[in-house]
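Chemist:
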Ligand code: SF4
Ligand code: SF4
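Chains as they are written, first to last, in the numbering used here: chain A, 36 to 358; chain B, 352 to 574.
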């Protein structure tokens, strides 16, 4: 049988978790995915695959996660509500878990307006809170509406939160709803504005949510001032403070500066009470992730996403809380 | 009210190209109010059509008329006397009016002159916004009278997505984020607790997605 969620093991053991994101290619070949995943294997606890990120059609997240599972790597299957109704979502979750995927990350999804197919009809049959509930119910052997599954599925259910969206009150309330609906880990939008993030975390702690869900702070690698500007202006929900853009502008080697910013951010995150780990988003720069993890002092991992050699079985001595 | 806007003239010229005796029928209700399909707009459309065809050297006979409501046969009957003379009717009513007219006078070609945009309301002088999708299970009691199904670009029921910034929607910054409006209104009423309640998946079968709906009143006698 396939092993349980590695990410869950790490978080439940109280280690500071590290995950990284990989965007699938826009063609029908796993090769680039495999290559990136190999680079990350020993440096992260799980590899997260985006689901048609920014509403650009790509190799499916389910297929990619299946491939990671076959490589013995703990995969986080991102599922958005934009492109599938509840029937397709159930089917894709069954498909992913049957292939050995053990983490499901539930999101609304970026609006299709700025993606590859702005003329598309969006679905949004469910919203992200309802999706969390559906996935969590499936882990309890229930289909929506309470019908019993023949065999319940094993998965660690997560969600996202944006500390920088307005109104922040509502983001905290929504996070609470997601936790109640069954989310056990949460990935945040990329953190650049540390002050604002700290204030958000204060609110999260007040609500006791940091004890209910493992919060992974999103950390993004910026390759240049141009990339930072693009994020600032064009990526919904991301806030990039002017001084970050400045630093990249003035740096002789902007990519190296980006790595530095990343490492510093991770350092800061380790000291924010209630942050249980980081999720590194270095799309198209995945090869820099190992270095970032090393420089942040987070290597070796307590439980790498996939051990270097061959297929892995659950190792002895891991504290796995089945509760 | 139903809101709609006139189709691009190019499209109207194309549709009407084969004909040279054309009736343009406005509707005196909603589309008159949103200034896209009343008598005035019918006359304007007739005038540009005449000019266009003159310029092409193919003059056309166009008459503009209006009825009070195109969705009811009684009103459409008032055009009957003129109807045989015209080869085609360009209806400036909403999609309901156009369909009503085609069903009522099946021998006549009725073409759509408007693009219907849905159920909306005027928000200020010269601006109308869609506000209701007719989901068949109204939840405005939970959302301070603001419809998230229609006014949130993702139709979210449990609160905003992460893209809301400065009160604007990620999908179109010209639009207010529906959830920001809902939040502000509930906060003003001291009802923020409503936002903490879990809203289960919606039963879309009660809306259009369960197939076209019908309204039948058995208590209404057939006469
Ligand atoms: S909840 Fe349904 S019926 Fe009520 S305003 Fe919204 S779409 Fe219309
Ligand atoms: S920004 Fe607001 S209105 Fe726009 S999709 Fe997100 S929640 Fe809905």
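Each residue gets a CB set at the ideal place from its N, CA and C atoms; glycine is no exception.
1. Below 7 Å between beta carbons is the criterion; list the residues of the region 495-521 of chain B that meet it against any residue of chain A, in chain order.
2. Quick one, are the C-beta atoms of residue 217 of chain A and residue 192 of chain A less than 9 Å apart?
3. Cβ of residue 194 of chain A within 9 Å of Cβ of residue 159 of chain A?
4. Taking the beta carbon of residue 352 of chain A as the centre, do at least 16 other beta carbons fall within 10 Å, making it buried, or is it exposed?
5. Which residue comes first and which comes last in the alpha helix (DSSP H) that contains residue 501 of chain B?
6. Is residue 152 of chain A close to chain B? Criterion is C-beta to C-beta, closer than 9 Å.
7. When the Cα atoms are used, what is the spatial distance from residue 533 of chain B to residue 541 of chain B?
8. Taking the beta strand (DSSP E) that residue 125 of chain A belongs to, which residues open and close that run?
9. Quick check: the Cα distance between residue 401 of chain B and residue 524 of chain B, rounded to an integer number of angstroms?
10. Ignore the nearest five residues each way along the sequence and tell me which others in residue 356 of chain A's own chain have a CB closer than 7 Å to its CB.
11. Measure from the C-beta of residue 558 of chain B to each C-beta in chain A and report whether the shortest distance is under 9 Å.
12. Quick check: does the Cβ of residue 430 of chain B come within less than 8 Å of any heavy atom belonging to ligand 1?
13. Would you list the residues sitting across from residue 102 of chain A in a DSSP beta bridge?
14. Can you pull the chain A residues whose beta carbon is under 9 Å from the beta carbon of residue 531 of chain B, in chain order?
15. Using a Cβ cut-off of 9 Å (strictly closer), state whether residue 216 of chain A contacts chain B.
16. Ligand 1 and residue 342 of chain B: does the residue's C-beta get closer than 8 Å to at least one heavy atom of that ligand?
17. How about residue 526 of chain B: is its Cβ closer than 8 Å to a heavy atom in ligand 2?
18. Along chain B, in chain order, which residues have C-beta atoms closer than 7 Å to that of residue 121 of chain A?
19. Whose Cβ in chain B lies nearer than 7 Å to the Cβ of residue 161 of chain A?
20. Smallest Cα separation from residue 306 of chain A: which of A:120, A:269, A:331?
21. Which value, in whole angstroms, describes the spacing of the CA atoms of residue 373 of chain B and residue 412 of chain B?
22. Go ahead and pull the three-state DSSP assignment for residue 463 of chain B.
23. Give the secondary structure of residue 577 of chain B by DSSP, where H, G and I count as helix, E and B as strand, and everything else as coil.
24. State the start and end residues of the unbroken alpha helix (DSSP H) segment that holds residue 301 of chain A.
25. Which runs of the beta strand (DSSP E) spanning at least 3 residues fall entirely within the region 172-236 of chain A, listed in chain order?
26. Can you pull the chain A residues whose beta carbon is under 8 Å from the beta carbon of residue 523 of chain B, in chain order?
27. Near residue 145 of chain A, which residues of its chain fall below 7 Å by C-beta distance, leaving aside the five closest residues on each side in sequence?
28. Collect the residues with a C-beta less than 5 Å away from any heavy atom of ligand 2 and give them in sequence order along the chain.
29. Once the 5 residues before and after residue 364 of chain B are set aside, which same chain residues still bring their CB inside 8 Å of it?
30. Near residue 8 of chain A, what residues of its chain come up, given a Cβ to Cβ distance below 7 Å and the 5 sequence neighbours on each side ignored?
31. Could you give the residue range of the alpha helix (DSSP H) that holds residue 42 of chain A?
32. Thinking residue 18 of chain A and residue 53 of chain A are a contact (beta carbons under 8 Å), I'd like their distance in whole angstroms, please.
33. For residue 521 of chain B, count neighbouring Cβ atoms within 10 angstroms of its own Cβ and tell me buried if that reaches 16, exposed if not.
34. Check distances from the C-beta atoms of the region 175-198 of chain A to those of chain B and list, in chain order, the residues that come in under 8 Å.
35. By the 10 Å Cβ neighbour count, where 16 or more other Cβ atoms means buried, how is residue 338 of chain A classified, buried or exposed?
Modeler: Working from what's here:
1. 504, 505, 506, 507, 508, 509, 510, 511, 512, 513, 514, 515, 516, 517, 518, 521
2. yes
3. no
4. Bear in mind that the predicted position of residue 352 of chain A carries a pLDDT of just 36, short of 50, making it unreliable; the figure below should be weighed with that in mind. With fewer than 16 neighbouring CB atoms inside 10 Å of its own CB, residue 352 of chain A falls in the exposed class.
5. 499-502
6. no
7. The alpha-carbon atoms of residue 533 of chain B and residue 541 of chain B are separated by roughly 12 Å.
8. Taken as a continuous stretch (DSSP letters only), residue 125 of chain A belongs to no beta strand (DSSP E), being part of the alpha helix (DSSP H) at 121-133.
9. 39 Å
10. The predicted position of residue 356 of chain A is uncertain, since its pLDDT is 37 and thus under 50; no value can be drawn from it.
11. no
12. Taking non-hydrogen atoms of ligand 1 into account, the C-beta of residue 430 of chain B is found less than 8 Å away from none of them.
13. BP columns for residue 102 of chain A are empty, so no partner.
14. 201, 202, 205
15. yes
16. Shown here, chain B extends from 352 to 574; a query on residue 342 of chain B therefore has no answer.
17. With a cut-off of 8 Å, the C-beta of residue 526 of chain B is classified as near ligand 2, since at least one heavy atom of the ligand falls inside that distance.
18. Those within 7 Å of residue 121 of chain A in chain B are 552.
19. 552
20. A:331
21. 6 Å
22. strand
23. Residue 577 of chain B lies beyond the residue range present for chain B, which begins at 352 and ends at 574; the question has no answer from this structure.
24. Run containing residue 301 of chain A: 289-305, per the alpha helix (DSSP H) assignment.
25. 191-196, 220-225
26. 148
27. Excluding positions up to five away in sequence, the list reads 89, 90, 271.
28. B:503, B:504, B:505, B:511, B:512, B:514, B:515, B:520, B:521, B:528, B:529, B:530
29. 400, 403
30. The structure shown does not extend to residue 8 of chain A, since chain A is modelled only from 36 through 358, so no value can be given for it.
31. Residue 42 of chain A -> alpha helix (DSSP H) spans 41-47.
32. Here chain A has residues from 36 to 358 only, and residue 18 of chain A is not among them.
33. Looking at its Cβ environment, which holds 16 or more other Cβ atoms inside 10 Å, residue 521 of chain B is buried.
34. Answer in chain order: 179, 195, 196, 197.
35. buried
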